[in-house]
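Novice:
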Amino acid sequence: LSAESHHPERSAAAVGLWPHQSTKQPREEPFASSLGEIKFNPTVRHIVINEHKDVTFNCSIKVPQLLVRLDAPSISLWKDGRELHALDRIVTSQFEISDEEEVVMTSTFSIFAVQRSDNGSYVCKLNISGTEVVSDPISVQLEGLPHFIRQPEKLNVTKNSPFNLTCQAVGPPEPVEIYWFRNNIQVNEKPHISPSVLTVPGLNETTLFSCEAHNSKGLTASNPGQVNVKGIPSAPASMHVLNRTGHGIAISWEPGFDAFSALNSCSVQVKESVPQSNISLLVFNTSVPPHVYHIQHLRPMADYNIRVSCANEVGWSVFSPWITASTTEGAPTTPPLNVTVSFNESSSSLEIRWVKPPLGRIHGELQGYHIWYRWQNSKGLQNVSAEAQQNASVAVLPVVATNATCSVRVAAVTKGGVGPFSSPVEVFIPDSGLITSAPSSTPASGNADSFVVALGFICGTIAVGLILCLSVVIQKRCVETKYGNAFSRNNSELAVNYTAKKSYCRRAIELTLGSLGVSSELQQKLQDVVVDRNALSLGKVLGEGEFGSVMEGRLSRPEGTPQKVAVKTMK
Numbered sequence: 134l135s136a137e138s139h140h141p142e143r144s145a146a147a148v149g150l151w152p153h154q155s156t157k158q159p160r161e162e163p164f165a166s167s168l169g170e171i172k173f174n175p176t177v178r179h180i181v182i183n184e185h186k187d188v189t190f191n192c193s194i195k196v197p198q199l200l201v202r203l204d205a206p207s208i209s210l211w212k213d214g215r216e217l218h219a220l221d222r223i224v225t226s227q228f229e230i231s232d233e234e235e236v237v238m239t240s241t242f243s244i245f246a247v248q249r250s251d252n253g254s255y256v257c258k259l260n261i262s263g264t265e266v267v268s269d270p271i272s273v274q275l276e277g278l279p280h281f282i283r284q285p286e287k288l289n290v291t292k293n294s295p296f297n298l299t300c301q302a303v304g305p306p307e308p309v310e311i312y313w314f315r316n317n318i319q320v321n322e323k324p325h326i327s328p329s330v331l332t333v334p335g336l337n338e339t340t341l342f343s344c345e346a347h348n349s350k351g352l353t354a355s356n357p358g359q360v361n362v363k364g365i366p367s368a369p370a371s372m373h374v375l376n377r378t379g380h381g382i383a384i385s386w387e388p389g390f391d392a393f394s395a396l397n398s399c400s401v402q403v404k405e406s407v408p409q410s411n412i413s414l415l416v417f418n419t420s421v422p423p424h425v426y427h428i429q430h431l432r433p434m435a436d437y438n439i440r441v442s443c444a445n446e447v448g449w450s451v452f453s454p455w456i457t458a459s460t461t462e463g464a465p466t467t468p469p470l471n472v473t474v475s476f477n478e479s480s481s482s483l484e485i486r487w488v489k490p491p492l493g494r495i496h497g498e499l500q501g502y503h504i505w506y507r508w509q510n511s512k513g514l515q516n517v518s519a520e521a522q523q524n525a526s527v528a529v530l531p532v533v534a535t536n537a538t539c540s541v542r543v544a545a546v547t548k549g550g551v552g553p554f555s556s557p558v559e560v561f562i563p564d565s566g567l568i569t570s571a572p573s574s575t576p577a578s579g580n581a582d583s584f585v586v587a588l589g590f591i592c593g594t595i596a597v598g599l600i601l602c603l604s605v606v607i608q609k610r611c612v613e614t615k616y617g618n619a620f621s622r623n624n625s626e627l628a629v630n631y632t633a634k635k636s637y638c639r640r641a642i643e644l645t646l647g648s649l650g651v652s653s654e655l656q657q658k659l660q661d662v663v664v665d666r667n668a669l670s671l672g673k674v675l676g677e678g679e680f681g682s683v684m685e686g687r688l689s690r691p692e693g694t695p696q697k698v699a700v701k702t703m704k
């Protein structure tokens, strides 16, 4: 559609010069007067067109020859306060016709395949010597089939619960009428004026809803909107074990079909494959997503059956099939036993000894030991750690300071981790290099060093033997004294008086062991380890602990030189 240009008669007016051509005051007033009279020629004011058609309109204007500049901008097209540049769907063509007095400028604008966004008011603008000339507005209105603004949407609803659907379409032309369809069956016989709201009392199965919009140009059908009914979710699937430890198992699973309602929680059930306790079933609840869970508080080296059920707002799914997973070996639960520390003067080092802790099947195979020791003196603290091999029961540490206290702890290590540390054993090394120590507070039950046990037993046996010998001597002395008085006479006749100077007990050790209830077979075995108390002399105290002390001793042997020994005494 084109708008023709009109040429109204020009009123007589003086034509002024450009400002730079003359500065005379009498020529400026006619120039300003001519600018005020310049207007766009009248053209079509309203254009009605069908959607997807092409539209063309033009703007023309007459400008005095003296006001035309070669670098002046051409006619521009504006819509809703925004200048429209040449785009894919907008084409602009301009031409000029000039004579001696004036120039006729014409611009043609074409919009191809107009859309609803092209609806609106258009104006043409031209800038003449800094003055903007604006044309009358040109209204473009599209007419066609109804255009949907809102269509039936996809919904997930609760079973037998009411809900609403909305359908809205616009022209022009108006009015627009709405017809509803349920599973392609028309719902309303009489049309509804757009916008229309359909109230559905409830559903118990998935249903499709759509609508049609009618106007004088024809009808437009909406996209169907599927309404789903929420239900019980399906069981989880594809359970996998992500990680295993001595006391935990991490699992993941693929959620089943959520039945149009988002899953919010899952329940993990765990039971022992071979029951070892009174707890038959463990239940753990977790929120989802993510669909993973770390099961804790399990026994090491045990097999477990695991299954999962998930829930949405409607209810719980059935459980997934059982899967079997096992925990790995755990860390030791007890520290090494009978940890002791001794000082080696020649090498200026500490010798740490311990007894292997009892390890069950659940703890796995011993990998080694972790030794932690700390030196403390007036200068501060120094923490050091060391490792010991699998079969080791002794470690040698260098003495790094004197006049300092060294605290030692030992822990067993398996693949399951590091077990608890033993109670600290503190050792004080003065400047002189003499050592005082405290034994471990975790002695080995029934696993003490055989030499220390035998030496303690010997000392106790000797003490009991001395007491028995002394009692025998006293008793014999009393008998001799009693019979000696009986044979004495007052008439000064010859009398025999006998006083024992020394008693002998060649079977003191045998009597001592017999008084303790030791069998004859065991007495024969102890003959090589039981020594006479007189052959052992005690010296200085090496260390004191909770259960007794360790003293320096010297054992005399009839067949050789004296031997330096350590004597364990009990409180």
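Residue numbers are given in this note's numbering: position 233 of the sequence shown equals residue 366, and the series is strictly consecutive.
From the three backbone atoms N, C-alpha and C, an ideal C-beta is built for every residue, glycine too.
1. Assuming S420 and T457 are in contact, meaning their beta carbons sit under 8 Å apart, how far apart are those beta carbons, in whole angstroms?
2. Could you give the residue range of the alpha helix (DSSP H) that holds S653?
3. The beta strand (DSSP E) with S240 in it runs from where to where?
4. In chain order, what are the residue ranges of uninterrupted alpha helix (DSSP H) at least 4 long that sit wholly in the region 293 to 351?
5. Between the region 259 to 276 and the region 225 to 236, can you find at least three pairs of beta-carbon atoms closer than 8 Å?
6. Decide if the region 166 to 182 is in contact with the region 217 to 228; the criterion is three or more beta carbon pairs, one per stretch, under 8 Å apart.
7. Name the one or two DSSP bridge partners that T353 has.
8. Out of L259, P305, G448, T466, which one is the CA nearest neighbour of A395?
9. Anyone know if the C-beta pair for V664 and L649 falls short of 8 Å?
10. Out of D251, L331, L200, C257, which one is the CA nearest neighbour of N174?
11. Could you tell me the distance, in whole angstroms, from the CA atom of S243 to the CA atom of D187?
12. Pick helix, strand or coil for G705, following the three-state DSSP scheme.
13. Measuring CA to CA, which of T291, E559, L415 is closest to N361?
14. So the candidates are M238, L499, V698, R283; which of them puts its Cα closest to the Cα of Q522?
15. Let me confirm a value: G379 is counted as buried when at least 16 other C-beta atoms fall within 10 Å, else exposed. Which label applies?
16. Out of A392, G335, P306, K287, state which residue places its alpha-carbon closest to the alpha-carbon of S343.
17. For the beta strand (DSSP E) that M372 lies in, which residues bound it at each end?
18. Cβ atoms of P328 and C443: under 8 Å apart, would you say?
19. Taking C-beta to C-beta, are L341 and N316 nearer than 8 Å?
20. With distances taken Cα to Cα, identify the nearest neighbour of N667 among N477, T594, R249, G678.
21. Mapping the DSSP letters down to three states, classify N127 as helix, strand or coil.
22. When DSSP labels each residue in this structure, what does Y637 get in the three-state scheme?
23. Given a threshold of 16 other Cβ atoms within 10 Å of its Cβ, counted over all protein chains shown, does I194 qualify as buried or as exposed?
24. So is M703 buried or exposed if we call it buried at 16+ other beta carbons inside 10 Å?
25. Is N477 closer than 8 Å to V488 when the C-beta atoms are compared?
26. Drop a sphere of 10 angstroms on the beta-carbon of K512, count the other beta-carbons inside from all chains shown, and report buried for 16 or more, exposed for fewer.
27. Mapping the DSSP letters down to three states, classify D436 as helix, strand or coil.
28. A464 to K548, Cα distance in whole Å?
29. Pairs of beta-carbons, one from the region 294 to 308 and one from the region 196 to 210, closer than 8 Å: are there three or more?
30. Just to confirm my understanding: we take H347, look at its own chain, exclude 5 residues before and 5 after, and list those with CB closer than 6 Å. What are they?
31. Is H503 near V532, with beta carbons less than 8 Å apart?
32. From S262, V266, L200, G253, pick the residue whose C-alpha is nearest to that of E235; which is it?
33. Among T239, H280, G277, S294, whose alpha-carbon lies nearest the alpha-carbon of S268?
34. Select from S371, S682, S480 the residue whose C-alpha is nearest the C-alpha of R440.
35. Check whether the region 597 to 604 touches the region 650 to 659, taking contact to mean three or more Cβ pairs, one atom from each stretch, closer than 8 Å.
Specialist: Result, derived from the coordinates:
1. The pair is not a contact, with the Cβ atoms about 26 Å apart (cut-off 8 Å).
2. 653 to 659
3. 235 to 244
4. none
5. no
6. no
7. A346
8. G448
9. no
10. C257
11. 7 Å
12. A query on residue 705 cannot be resolved here, the shown segment of the chain reaching from 134 to 704 and no further.
13. T291
14. L499
15. buried
16. K287
17. 370 to 377
18. no
19. yes
20. T594
21. A query on residue 127 cannot be resolved here, the shown segment of the chain reaching from 134 to 704 and no further.
22. Confidence at Y637 is low in this model, with a pLDDT of 47, below 50, so the placement of that residue should be treated as unreliable; the coordinate-derived value is given next. The answer is coil: DSSP assigns Y637 none of H, G, I, E or B.
23. buried
24. exposed
25. no
26. exposed
27. strand
28. 7 Å
29. no
30. E310
31. no
32. L200
33. T239
34. S371
35. no
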